[in-house]
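Add 6 to the 1-based position in the sequence shown for this note's numbering, that's all there is to it. For every residue, glycine included, the Cβ atom is placed at its ideal position computed from N, Cα and C.
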Amino acid sequence: MTGARNSLQAEPLRSLLERLHADARGDRLKFLTLAPRLLAGWIRRKSFAEIITPAAMKEFYIPVSRECGEFLYLTARALGARHVVEFGTSFGISTVYLAAGVRDNGAGRVIGSELEASKQAVATANLEEAGLGPWSEVRLGDALETLREVPEPVDLVFLDGWKDLYLPVLELLTPRLHPGSVVIADNIHTFRKALRPYVEHMQSGAHGFVSTTLDLGEGFEYSVFQGR
Ligand SMILES: C[S@@+](CC[C@H](N)C(=O)[O-])C[C@H]1O[C@@H](n2cnc3c(N)ncnc32)[C@H](O)[C@@H]1O
Numbered sequence: 007m008t009g010a011r012n013s014l015q016a017e018p019l020r021s022l023l024e025r026l027h028a029d030a031r032g033d034r035l036k037f038l039t040l041a042p043r044l045l046a047g048w049i050r051r052k053s054f055a056e057i058i059t060p061a062a063m064k065e066f067y068i069p070v071s072r073e074c075g076e077f078l079y080l081t082a083r084a085l086g087a088r089h090v091v092e093f094g095t096s097f098g099i100s101t102v103y104l105a106a107g108v109r110d111n112g113a114g115r116v117i118g119s120e121l122e123a124s125k126q127a128v129a130t131a132n133l134e135e136a137g138l139g140p141w142s143e144v145r146l147g148d149a150l151e152t153l154r155e156v157p158e159p160v161d162l163v164f165l166d167g168w169k170d171l172y173l174p175v176l177e178l179l180t181p182r183l184h185p186g187s188v189v190i191a192d193n194i195h196t197f198r199k200a201l202r203p204y205v206e207h208m209q210s211g212a213h214g215f216v217s218t219t220l221d222l223g224e225g226f227e228y229s230v231f232q233g234r
């Protein structure tokens, strides 16, 4: 028997992920800089989405935790995933876990999406540094446009962009799924109210999914497509 490959545990990924997760801890201090913006928005009765725009967050990682990243990697491995699509790439931490899964499966590609040009450039460089360039592509622009054409069938979807777009992005990608495809959505606990329509959509049984909320990280909605 040969040893099982897990490139997360080998170089260059081990050191790169160490560095990215350490860098991402800097988000905590950066959040303090948002206080005046939040206060001004709150006084003007703006919605959270109007205040916390992708541009306002362009220096922030807001990444998955290491544990959640490993869960994404293992899900990609369990599915033998070849075609993976991600909504919201930021600096590419989750994308590295997903692309490592695709590479260790032997073939395929992760298609990421990022609205902020500076983040898309850094994410692409991080994936190159990880040796994952051939297994990934981070598309620049609004995911509702950039994910219109993706390699099919899609085995695994990860939703982690702005929360009001989870359902529209899901609607865009559902015709590309096959029975057994998995859709994972982050931040179910953090954005409980905003994501209630998404969770209801997934758990109702009326849209072809069986689904449950996992108490992992900030709450992962884990949904398996059964076909329409
Ligand atoms: C929570 S972060 C993603 C973190 C990343 N998945 C990780 O774990 O490292 C969400 C990202 O979604 C991006 N985003 C927001 N709206 C978007 C849109 N319409 N299309 C593409 N990206 C978008 C934001 O710029 C932000 O970088």
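For Lys199, the closest C-alpha among the options Phe54, Glu17 and Glu24 is that of Phe54.
In this structure, Val116 keeps its C-beta atom at 7 Å or more from the C-beta atom of Ala106. The beta carbon of Gln126 sits closer than 6 Å to the beta carbons of Glu120, Val144 and Leu146 from its chain, once the five residues preceding and following it are set aside; these are given in chain order. With contacts defined as CB atoms closer than 7 Å, Gly211 and Gly233 fail to qualify as a contacting pair.
Exposure of Glu65 is indicated by the presence of fewer than 16 other C-beta atoms within 10 angstroms of its C-beta.
If you compare the alpha carbons of Leu38, Leu22, Ala87 and Leu26 with that of Ser187, the shortest gap goes to Ala87. Contact annotation: Tyr67 and Ser100 have beta-carbon atoms that are not nearer than 7 Å. For Arg154 against Leu178, the beta-carbon gap comes to about 7 Å, under 8 Å, which counts as contact.
Contact between Leu23 and Leu14 holds: CB atoms are separated by about 7 Å, below the 8 Å threshold.
Put simply, the backbone Cα of Gly98 is about 34 Å away from that of Arg50.
Residue pairing of Gly118 in beta bridges, as defined by DSSP: Val144. If you look at Ile190, you'll find it in the beta strand (DSSP E) that goes Leu183 to Ala191. As the crow flies, the alpha-carbon of Lys169 is around 8 Å from that of Phe197. Boundaries of the beta strand (DSSP E) around Val230: Phe226 to Phe231. Judged by their CB atoms, Val91 and Val156 are nearer to each other than the 7 Å cut-off. In the DSSP assignment, the residues bridged to Leu220 are Phe226. If the five residues before and after Pro174 are omitted, its C-beta is found closer than 7 Å to the C-beta atoms of Leu150, all from its own chain and listed in chain order. For Asp170, the three-state secondary structure derived from DSSP is helix. Distances from the CB of Glu143 to the heavy atoms of ligand 1 are all 6 Å or more. When C-alpha distances from Gly75 are compared across Ile190, Arg43, Leu176 and Glu17, the shortest belongs to Ile190. Beta-bridge analysis with DSSP links Glu206 to no other residue.
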